[in-house]
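Chemist:
Chains as they are written, first to last, in the numbering used here: chain A, 1 to 800; chain B, 801 to 957.
1) Kindly provide the ranges of any beta strand (DSSP E) runs that are 3 or more residues long and lie completely inside the stretch 124-179 of chain A, ordered along the chain.
2) Using DSSP's beta-bridge definition, name the partner residues of residue 105/A.
3) Once DSSP output is grouped into helix, strand and coil, what is the label at residue 119/A?
4) Tell me which residues share the same chain as residue 800/A and place their Cβ nearer than 8 Å to its Cβ, disregarding the 5 neighbours each side in the sequence.
5) In its own chain, which residues sit with a C-beta less than 7 Å from the C-beta of residue 923/B, not counting the 5 before and 5 after it?
6) Residues of chain A with CB closer than 7 Å to the CB of residue 861/B, please, in chain order.
7) Return the Cβ separation of residue 517/A and residue 490/A in integer angstroms, given the expectation that the two are a contact with Cβ distance under 8 Å.
8) Contact criterion: CB-CB distance below 9 Å. Does residue 919/B meet it with respect to chain A?
9) Output, in chain order, the set of chain A residues within a Cβ distance shorter than 7 Å of residue 856/B.
10) Does the stretch 459-475 of chain A touch the stretch 708-725 of chain A, meaning 3 or more C-beta pairs lie closer than 8 Å?
11) In terms of residues, what are the limits of the alpha helix (DSSP H) holding residue 901/B?
12) So with Cβ pairs under 9 Å, would you call residue 729/A a contact of chain B?
13) For the alpha helix (DSSP H) that contains residue 790/A, what are its first and last residues?
14) Residue 387/A bridges to which residues according to DSSP?
15) Take residue 451/A and list the residues in its own chain whose beta-carbon comes closer than 7 Å to its own, dropping the five residues that flank it on each side.
16) Which residue or residues does DSSP assign as beta-bridge partners of residue 712/A?
17) What whole-angstrom Cβ distance do residue 242/A and residue 422/A have, given they're in contact under 8 Å?
18) Does residue 549/A come out as helix, strand or coil in the three-state DSSP assignment?
19) Starting from residue 297/A, find everything on chain B with Cβ-Cβ shorter than 8 Å and list it in chain order.
20) Using the rule of at least 16 other Cβ atoms within 10 Å of the residue's Cβ for burial, across every protein chain shown, is residue 889/B buried or exposed?
21) Using a Cβ cut-off of 9 Å, which residues of the stretch 689-721 of chain A contact any Cβ in chain B, in chain order?
22) Could you give the residue range of the beta strand (DSSP E) that holds residue 516/A?
23) Could you tell me whether the Cβ atoms of residue 200/A and residue 619/A are closer together than 9 Å?
24) According to DSSP, is residue 705/A part of a helix, a strand, or is it coil?
25) Thinking C-beta only, is residue 840/B closer than 9 Å to residue 863/B?
26) Determine, using beta carbons only, whether residue 865/B comes closer than 9 Å to chain A.
27) Give a yes or no on whether 9 Å exceeds the smallest Cβ distance from residue 842/B to chain A.
28) Return no unless some Cβ of chain A is closer than 9 Å to the Cβ of residue 825/B.
29) Got a sec: is the Cβ-Cβ distance from residue 846/B to anything in chain A below 9 Å?
30) Let's see if you can read the secondary structure: which residues bound the beta strand (DSSP E) around residue 78/A?
31) Return the residue from the list 926/B, 948/B, 944/B, 832/B that minimises the CA-CA distance to residue 814/B.
32) Answer with yes or no whether the minimum CB distance from residue 329/A to chain B is below 9 Å.
33) First and last residue of the alpha helix (DSSP H) that includes residue 861/B?
34) Beta-carbon separation of residue 763/A and residue 694/A under 9 Å?
35) Assess, as a yes-or-no matter, whether the stretch 134-142 of chain A is touched by the stretch 681-692 of chain A under the definition of 3 or more beta carbon pairs within less than 8 Å.
36) Which whole-angstrom value is the C-beta distance of residue 500/A and residue 224/A, which I expect to be below 8 Å?
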């Protein structure tokens, strides 16, 4: 007999071989849907059993815990532990995942007020019934003991927190903001909207700033991720968004992935991409790191261009050089859709000898042969699509890189039909939406510039205020102004700027200089260590609204439980506005969406009724496209003619030198999400409980660093310590880490350099030195002490 | 462990390289390893998986399907006794009992001195000469008690 024991190694599901009928559905789900191939049938005949890896526990096997096998299992041999503990659900609602920009639809299966399990929804148009470990399993943070449920205030950031009533906190905010504006001027306060909150909530925060604060000092976390996408694609195509839907990948023949790591950061799209690659599509990867897609079971990139961090523009222009010099461009498309003279001007620029692959070979570290091969494949391989991530945008030339990408797509005619296009893989669940909703200091909802009189007039008449026609402050400007003493109060909804923004010391100094920092979040996050007022937030399970994903798809978020803190985030913002003298009376987020639709042409047709009927819609959704627009720029570009922009390469000032000889680049890992506020508070920590520094064996050996050693990572901004792991995923001269854990604070090291057009920080290039160390740095110890002090709470019994 | 793994890598890598470029290289590689090393060590599976861009699970699934890929090396002799229907009906059961007694091991076992491994096999295609067996690749037909004793003596010599 081939007896196998119960396997409970995975934190979220159990495998009980005694219940298994060896139907192999799980093996097929793992292979065909997820593309991980972690399961197999062991033995044969009556002896056959399903097993993970080489008869290993699930946790040690190649399994990535996406849960597709659990969903496929007809007998309960693979079963969610939550079902085993809580029993079967009694009702459910369809909602949208609150992690990455893929925007997967889920059925939240409930028992009373508790989530029993999240099941990917088969009619979800972004995920088509698939999910990753975060969306399916990592929702436990909603009930974590760290969650704060009452408003709190304190006078100084060294004081303990004091719990207060909602009435008291609003009165406090009203008087404090009023006093600060009176003393330091209307422009001394501002707000930051959250890409984790709903469209409706984001819209209200920017409205609060513009109407109640009376200025344009509103910004969003997209500043630090995809602001160059907005700028670059608006300049070239006329709209700040990706051109395709995710289904488009099923029609793609050549995929060019630039500075993105879909299998870790956008896992469900990663699975869909891998499926297409297994069907025969070709892959080109442009990344300093040998990401999983370069070679992973049954997928191998035709070309991997391991460029040095910071040389994106040079390499992309060299690709264009090959396309133009070898006559691989699509003249008919360019003549019809773009301006031929502009193209010729651009062509003469890319043809300059300094843009040839041979000329940039040395500086980029990519051989001319690879560049030529990749360019030929992209231009001639059929439907070619570009997918890119933060490795493109988070550079001093981020916006230029986005435009270089757009140039390639236009020159080869790869735009305006399924299977092609330019697709930014957006980081957060609603970063597309937060940008759409006018979260930028220079833009009103729908990307209309604040200097546009007609747009301002719409909102002025509706809101009954006079709007400033000059852009307000961006996040880095707010922090600079705070250090200078002219910016005094900040409302931060659902973003942890201390941990996520670059140059932590500078962010801390800016926050410390303010008189009133209001943090609205689920947890006392790192930014809250510098806050004076804390407003408890609600999770995506506790409110109604919409998220807009990377393909411009507006998905419904449905309330499945009452907010544990009492109020959804939009209600809190509304009460704040009332405390500041505004007469807001929204009773449901659908009324906020109605206001958005009434004032924003690209959202004109969006209503909750339509979303109910269609499931989801992709903007623009208006009279011309009553059920939305899956693929953009089909007959013509939004701006009219597609614009070719010269993309001269300017090397970043951040260079490796004798003191800091290595280049640090940062990124993400599958099981954790961004600063980890949520995922660190789930069982996902079994896969990743600390940030590690990846270093090439050559660089490790010359420094005497062994696997698992503590190392000090130092740049001109600061230093931190973490443990090293030795790997050939990174090239010699490049080191890599994630920024999921506050104990590491990887952003202590990153610098204030940023994109020339949008101030998007240059996270992806920092010159550093790595040396052996014996533990955390002084800053890490001081910070930990400060954080501990700053999380003290004095509980007060509610007065009857 | 690390040492063993490196030794195994050194032994299997030339075999992998020999077949890697061919179509459907996994079975020829496993055959080669079984031939050269007398077994397919567990430590070689991740090396094969990496070289062929497969997962450990897939390679393990194939290895575990075929009984002839051994996890551990066999004894100096391998004796396979047919246990299929025709041989059973011609006195195979008695032969099997006798053989196990004489060798002091059960099916699937190797004698303590490493002399012999005994395995059941389901049909050698030699039903006309049942009961039959195969010793180190050579087929033997018409087994009876005397012949079994001879074989036992031979393998234990």
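Glycine is no exception: its CB is placed at the ideal position from the N, C-alpha and C atoms.
Modeler: Reading it off the structure:
1) For the stretch 124-179 of chain A, whole beta strand (DSSP E) runs of length 3 or above, ordered along the chain, are 161-163.
2) Stepping through the first chain from its first residue, residue 105/A is reached at position 105. Residue pairing by DSSP places residue 105/A opposite 96/A in a beta bridge.
3) Counting from one through the first chain, the residue named residue 119/A turns up at place 119. Note: residue 119/A maps to strand in three-state DSSP.
4) Here the question's residue 800/A lines up with position 800 in the first chain. In this prediction, residue 800/A has a pLDDT of 44, which is less than 50 and means its spatial position is unreliable; what the coordinates show is noted afterwards. If the five residues before and after residue 800/A are omitted, its C-beta is found closer than 8 Å to no C-beta atom of its own chain.
5) Within the second chain, numbered from 1, the residue matching residue 923/B stands at position 123. The residues are 882, 884.
6) Position 61 of the second chain, counted from the first residue, corresponds to residue 861/B. Using a Cβ-Cβ cut-off of 7 Å, residue 861/B is close to 40, 41, 42 of chain A, given in chain order.
7) Residue numbering aside, residue 517/A sits at position 517 when the first chain is read from its first letter. Residue numbering aside, residue 490/A sits at position 490 when the first chain is read from its first letter. Confirmed, Cβ separation roughly 5 Å.
8) Working through the second chain from its first residue, we reach residue 919/B at position 119. Closer than 9 Å: no.
9) Against the second chain, residue 856/B aligns to sequence position 56. Ordered by position in chain A, the residues that pass the 7 Å Cβ test against residue 856/B are 53, 54, 62.
10) Result no; under three Cβ-Cβ pairs closer than 8 Å.
11) In the second chain, residue 901/B corresponds to position 101, counting from 1. Membership of residue 901/B in the alpha helix (DSSP H) is indicated by the continuous run 893-903.
12) The residue given as residue 729/A occupies position 729 in the first chain. Cβ-Cβ to chain B under 9 Å: no for residue 729/A.
13) Numbered from its first residue, the first chain carries residue 790/A at position 790. Where residue 790/A is concerned, the enclosing alpha helix (DSSP H) stretches over 778-790.
14) Along the first chain, one-based indexing puts residue 387/A at 387. Assignment of beta-bridge partners to residue 387/A by DSSP yields 257/A, 423/A.
15) Within the first chain, numbered from 1, the residue matching residue 451/A stands at position 451. These residues qualify, in order along the chain: 469.
16) By 1-based counting over the first chain, the position of residue 712/A is 712. Paired residues: 721/A, 771/A.
17) Here residue 242/A refers to the residue found at position 242 when the first chain is read from its first residue. Here residue 422/A refers to the residue found at position 422 when the first chain is read from its first residue. Contact annotation, residue 242/A with residue 422/A: C-beta distance approximately 7 Å; criterion of less than 8 Å satisfied.
18) In the first chain, residue 549/A corresponds to position 549, counting from 1. The three-state secondary structure of residue 549/A, taken from DSSP, is coil.
19) One-based indexing of the first chain puts residue 297/A at position 297. Ordered by position in chain B, the residues that pass the 8 Å Cβ test against residue 297/A are 849, 853, 854, 855, 858.
20) The sequence position of residue 889/B within the second chain is 89, counting from 1. Result: exposed.
21) Residues of the stretch 689-721 of chain A whose Cβ lies closer than 9 Å to any Cβ of chain B: none.
22) As a first step, residue 516/A must be located in the first chain, where it is residue number 516. Per DSSP, residue 516/A belongs to the beta strand (DSSP E) from 516-521.
23) Your numbering for residue 200/A matches position 200 in the first chain. Your numbering for residue 619/A matches position 619 in the first chain. A distance of 9 Å or more separates the beta carbons of residue 200/A and residue 619/A.
24) By 1-based counting over the first chain, the position of residue 705/A is 705. Under the three-state reduction of DSSP, residue 705/A is assigned to coil, being neither helix nor strand.
25) Residue mapping note: residue 863/B aligns to position 63 of the second chain, counting from 1. Residue mapping note: residue 840/B aligns to position 40 of the second chain, counting from 1. Taking 9 Å as the cut-off, the Cβ atoms of residue 863/B and residue 840/B count as close.
26) Mapped onto the second chain, residue 865/B falls at position 65. Taking a beta-carbon distance threshold of 9 Å, residue 865/B counts as an interface residue toward chain A.
27) Position 42 of the second chain, counted from the start, is the residue given in the question as residue 842/B. Cβ-Cβ to chain A under 9 Å: yes for residue 842/B.
28) Reading the second chain from its first residue, position 25 is the one you call residue 825/B. Residue 825/B does not count as touching chain A.
29) On the second chain, residue 846/B is found 46 positions in, with the first residue counted as 1. Yes, residue 846/B lies at the interface with chain A (some Cβ there is under 9 Å from its Cβ).
30) For the purposes of this step, residue 78/A is taken as the residue at position 78 of the first chain. Counting along the chain, residue 78/A sits inside the beta strand (DSSP E) bounded by residues 78-80.
31) Numbered from its first residue, the second chain carries residue 814/B at position 14. Ranking 926/B, 948/B, 944/B, 832/B by CA distance to the CA of residue 814/B puts 832/B first.
32) Numbered from 1 along the first chain, position 329 holds the residue referred to as residue 329/A. With 9 Å as the cut-off, residue 329/A does not count as an interface residue toward chain B.
33) In the second chain, the residue the question calls residue 861/B occupies position 61. Counted as a single uninterrupted DSSP element, the alpha helix (DSSP H) harbouring residue 861/B occupies residues 856-865.
34) Residue numbering aside, residue 763/A sits at position 763 when the first chain is read from its first letter. Residue numbering aside, residue 694/A sits at position 694 when the first chain is read from its first letter. No, the Cβ-Cβ distance between residue 763/A and residue 694/A is not below 9 Å.
35) Yes, the stretch 681-692 of chain A touches the stretch 134-142 of chain A.
36) Translated into the one-based positions of the first chain, residue 500/A becomes position 500. Translated into the one-based positions of the first chain, residue 224/A becomes position 224. A Cβ-Cβ distance of about 6 Å is found for the pair residue 500/A and residue 224/A, placing them in contact under the 8 Å criterion.
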